[in-house]
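Here's the structure, in structure tokens; my notes come after.
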Amino acid sequence: MLIDKFSPLEGKMLSIMDPEGNIIEKDLMPQLEDEKLLELYKMMLLTKVVDTKALQYQRQGRMLTYAPNRGQEAAQLGSIAATEERDWLVPAFRELGAWLYKGVSLEQIYLYWYGNEEGSKFPENINMLPVAVPIASQINHAAGLAMASRYKKEDAVTMAYVGDGGTSHGEFHEGMNFAAVFDAPLVVIIQNNQYAISVPRHVQTRTKTLAEKAVAYGIPGIQVDGNDIFAVYVAAKEAVERARRGEGPTLIEAVTYRLGPHTTSDDPTIYREDEEVEEWAKKDPILRFKKFLINKELWSVEQDEKEIEAYEELVNNTFKKVENSKEVPLEDIFAYQYETMTPNLVQQLEDYRQYLEGREK
Amino acid sequence: MALMNILNTINHTLDQEMERDDTIVVYGEDVGHEGGVFRATVGLQKKYGKERCFDSPLAEAGIVGTAIGMAINGLKPIVEIQFSGFILPAVNQIIGHAARMRNRSRGKYHLPMVIRAPYGGGIRALEHHSESIEAMFAHIPGLKVVIPSTPYDTKGLLLAAIRDPDPVLFLEPKRIYRAFKQEVPEEDYTIPIGKAKIVKEGKDVTVVSYGALMPQVNEAVKELEKEGISVEVIDLRTISPIDKDTIINSVKKTGRFVAVHEAVKSFSVSAELISIVNEGAFLYLEAPPTRITGFDITVPLPRGEHHHMIDSARIVAKVKEVVKF
Ligand SMILES: Cc1ncc(C[n+]2csc(CCOP(=O)(O)OP(=O)(O)O)c2C)c(N)n1
Ligand SMILES: [Mg+2]
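Line order of the protein sequences matches chains A and B.
Under full-length UniProt numbering, read the first sequence as residues 1 to 361, first letter to last.
Under full-length UniProt numbering, read the second sequence as residues 1 to 325, first letter to last.
Written as structure tokens, this is what we have:
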């Protein structure tokens with residue numbers, strides 16, 4: 001197994017494409033159709049446009065708090081591309097690319113960040129949990145989803161995401177251990193973007209890598225260049241296949257970088273130098289994929305510009321729709337607490353309605 | 001004296017007390033280098049070093065659990081939970097241990113520790129950033145729960161909390177962190193935990209609230225007084241232990257009672273308050289004691305949150321209803 005050859009304990013990290021878009025590990029290059037390559041690249045571009053625009057809207061006072069993804073597109077798309085439609089996606093909250101790939105509509109994604117619960121009500125055919133704000137809590141859900149798939153003898157795999165900071169949490173440990181103990185078909189992707197808000201990775205743990213935490217669970221773990229879509233894909237593919245064969249979970253650490261702020265409320269200049277950001281910007285996952293595609297004559301600078309323009313228009317139009325969406329109806333904030341409203345809820349809603357009517361008179 | 005908002009006051013108070021008492025350590029997520037996501041601890045690491053003010057790994061049970069160990073072993077930890085919604089992973093440590101340590105060791109161990117956490121809604125935040133779960137902790141014997149509403153009270157209550165020999169949950173009204181400034185004395189003073197404040201005397205009705213809703217209450221009272229209704233306003237300041245005497249004496253005088261809070265209605269602080277009124281001032285009542293509270297729902301996201309938040313108009317309407325009864 002590939003994962004055995006890149007032991008994090010020996011300081012090895014899987015990387016296939018360098019920042020210039022050159023393939024440095026030809027033997028490991030995944031066999032992806034040109035069409036698939038372009039699909040993934042375009043999805044990364046779309047992710048970037050959706051993300052950049054959301055930040056802009058927020059700065060214009062048109063959007064609420066938003067958690068940017070810029071720089072992490074390969075970690076997100078390389079991993080989710082290794083799954084099938086029937087597989088489960090369990091996000092943290094910084095997986096925009098994976099949500100888009102899974103088929104969640106842009107309108108819905110924006111609706112969520114615009115403060116409307118409807119944004120978490122995904123269509124029936126999309127096996128995806130809503131965002132998990134409580135850090136690492138989702139890893140236990142993911143283990144449970146995977147255990148249920150195994151119980152039902154279905155071959156669906158669960159792919160879950162967590163941040164570098166999240167690996168410090170008790171819930172991360174508990175979920176990983178459960179999945180391992182029960183051979184659950186789970187793949188956990190750590191998006192190690194170097195920071196948990198202001199706290200750098202090295203403050204979270206004494207281990208050299210996050211991937212090596214797998215050793216303690218008795219499962220495979222691998223560190224990959226998270227800005228290299230091929231490295232992420234190859235590792236994720238192997239992990240997904242392994243899980244689907246019933247051989248249990250895998251932990252993948254995608255080494256990447258958050259180029260933007262933690263959220264729109266964050267000021268990164270407090271905790272990191274511009275030079276560091278510039279160094280990582282040179283390793284931009286989209287840039288290197290683009291170079292690769294252009295070298296292969298599958299893509300051109302002109303096509304790139306055109307595509308971006310089209311996405312910008314799509315995104316602007318979608319956001320306008322979201323801005324014009326209605327407030328959440330009063331009933332809806334009561335109606336979903338239980339299958340049927342309790343007598344207390346019925347009365348509280350009724351009293352409040354009467355109050356509102358009285359106020360209008 | 002200096003003009004300060006609530007956030008400045010927290011920072012100033014921590015600074016003063018760390019200077020005075022070197023057994024104090026301050027930590028939590030982003031608390032050290034950055035000085036907290038709200039900047040409540042800004043500058044403390046620079047001044048007192050990484051030993052005394054530091055970033056913790058991202059783990060709330062770890063934050064509170066280690067504070068318990070430190071408190072047993074001679075330190076006075078003041079830990080920050082970034083938002084009260086994220087205190088939940090630490091509940092096992094808070095309820096299962098912090099609240100019980102004195103009792104189960106028959107007084108050998110006690111925990112002079114403070115858990116600070118911003119609470120409450122109305123800031124158009126993401127999920128899990130808007131909860132008011134004070135009643136959950138007030139329900140637990142062995143814990144003290146304090147909620148200030150002004151910069152002046154923040155200093156006095158925080159100092160009292162730090163010097164208290166038992167664990168104190170210090171919930172900060174983040175919605176009004178920067179809302180207004182007040183003169184805060186430079187010198188040392190404490191405000192006793194367990195004592196409510198009569199903000200304004202009145203004779204027709206007693207209105208009790210706390211924390212981030214106090215500005216709404218005060219605004220409502222201005223409105224009501226214009227219409228000739230004399231309101232006695234009480235700021236609870238400490239949720240637990242609750243100040244029964246101040247409440248009962250006030251209701252004996254006014255004969256009417258309204259509690260106001262943002263937290264959900266059922267099994268809440270107002271339920272306790274109304275019981276206190278019934279037990280201690282029943283024969284003085286001219287109207288059923290009542291309340292205006294959040295609904296029994298998960299705090300809605302911003303596009304529906306306004307329904308859940310209590311504005312002064314709703315307080316005015318409720319008080320009038322009680323006075324007219
Ligand atoms: C249990 C819990 N504690 C604290 C927070 C506040 N918080 C939100 S994001 C974050 C840092 C997360 O860092 P990491 O896991 O590295 O993910 P990243 O934000 O870098 O994607 C913190 C502390 C939270 N959401 N949940
Ligand atoms: Mg991170």
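Built from N, CA and C at the ideal position, the CB exists for glycine as well.
These numbers come from a predicted model, not from an experiment.
Limits of the unbroken alpha helix (DSSP H) element including residue i
i, result
"B:Val-316", "312-324"
"B:Glu-80", "Taken as a continuous stretch (DSSP letters only), B:Glu-80 belongs to no alpha helix (DSSP H), being part of the beta strand (DSSP E) at 76-80."
"A:Lys-237", "229-244"
"A:Ala-216", "213-217"
"A:Asn-316", "301-323"
"B:Lys-144", "Note, B:Lys-144: premise wrong, no alpha helix (DSSP H); beta strand (DSSP E) at 144-146."
"B:Ala-90", "Per DSSP, B:Ala-90 belongs to no alpha helix (DSSP H) and is neither H nor E."
"B:Arg-102", "101-104"
"B:Ile-297", "Careful: B:Ile-297 lies outside any alpha helix (DSSP H) and carries neither H nor E."
"B:Ala-138", "134-138"
"A:Gln-108", "106-113"
"A:Arg-70", "Segment: none, A:Arg-70 is in no alpha helix (DSSP H) and carries neither H nor E."
"A:Arg-288", "285-295"
"A:Lys-102", "96-102"
"B:Gly-280", "269-281"
"A:Leu-2", "2-5"
"A:Val-277", "274-281"
Contacting residues, own chain, Cβ-Cβ under 8 angstroms from residue i (five flanking each side not counted)
i, result
"A:Asn-177", "Tyr-217"
"A:Thr-207", "Lys-213"
"A:Asn-140", "Glu-171, Glu-174, Gly-175, Phe-178"
"B:Ile-123", "His-129, Ser-130, Lys-174, Arg-175"
"B:Ile-274", "Phe-257, Ala-259, Pro-289, Thr-290, Arg-291"
Terminal residues of the beta strand (DSSP E) in which residue i lies
i, result
"A:Thr-250", "250-255"
"B:Ala-259", "257-264"
"B:Thr-293", "290-294"
"A:Leu-89", "88-90"
"B:Pro-151", "Where B:Pro-151 is concerned, there is no enclosing beta strand (DSSP E), although the alpha helix (DSSP H) it sits in stretches over 151-163."
"B:Ala-117", "114-119"
Bridge partner(s) assigned by DSSP for residue i
i, result
"A:Leu-345", "None, per the DSSP bridge assignment."
"residue 362 of chain A", "Not covered by the structure: residue 362 of chain A. The range shown for chain A is 1 to 361."
"A:Ile-23", "A:Met-17"
"A:Pro-30", "For A:Pro-30, which the question treats as bridged, DSSP gives no partner whatsoever."
"A:Met-128", "A:Leu-89"
Sequence-distant residues of the same chain with beta carbon closer than 6 angstroms to residue i, five excluded per side
i, result
"A:Ala-231", "Leu-14, Ser-15, Ile-16, Val-224, Asp-225"
"A:Lys-326", "none"
"B:Pro-112", "Ala-71, Lys-76, Pro-165"
"B:Ile-229", "Asp-204, Val-323"
"B:Gly-280", "Ile-248"
Contact test: residue i Cβ vs ligand 1 heavy atom, cutoff 6 angstroms
i, result
"A:Arg-94", "yes"
"A:Leu-129", "no"
"A:Leu-246", "The question names Leu, but residue 246 of chain A in the sequence shown is Gly. Checking the Cβ of A:Gly-246 against ligand 1 gives no."
"B:Gln-82", "yes"
"A:Val-255", "no"
"residue 403 of chain A", "The question about residue 403 of chain A has no answer, for chain A in this structure spans 1 to 361."
"B:Leu-58", "yes"
"A:Gly-166", "yes"
"B:Phe-86", "yes"
"B:Glu-51", "no"
"B:Glu-272", "no"
"B:Glu-29", "yes"
Neighbourhood of residue i by C-beta, 7 angstroms cutoff - its chain only, sequence neighbours within 5 removed
i, result
"A:Lys-102", "Ile-80, Leu-89, Ile-126, Met-128"
"B:Glu-201", "Glu-232"
"B:Arg-100", "Gly-142"
Residue i Cβ short of 6 angstroms to ligand 2 heavy atom set
i, result
"residue 363 of chain A", "Residue 363 of chain A lies beyond the range of chain A shown here (1 to 361); nothing can be said about it."
"A:Gly-163", "yes"
Near ligand 3: residue i beta-carbon under 6 angstroms from a heavy atom
i, result
"A:Phe-172", "Looking at this structure, you won't find ligand 3 anywhere; what it does contain is ligand 1 and ligand 2."
Runs of alpha helix (DSSP H) wholly within the stretch 134-182 of chain A (minimum 4 residues, chain order): 137-151, 170-181
Length-filtered (4 minimum) alpha helix (DSSP H) runs lying within the stretch 169-252 of chain B: 214-226
Those runs of the alpha helix (DSSP H) which lie wholly inside the stretch 1-88 of chain B and span at least 4 residues: Whole alpha helix (DSSP H) segments, 4+ residues: 6-20, 44-48, 60-72.
Whole alpha helix (DSSP H) elements within the stretch 186-211 of chain A, 4-residue minimum: 201-204
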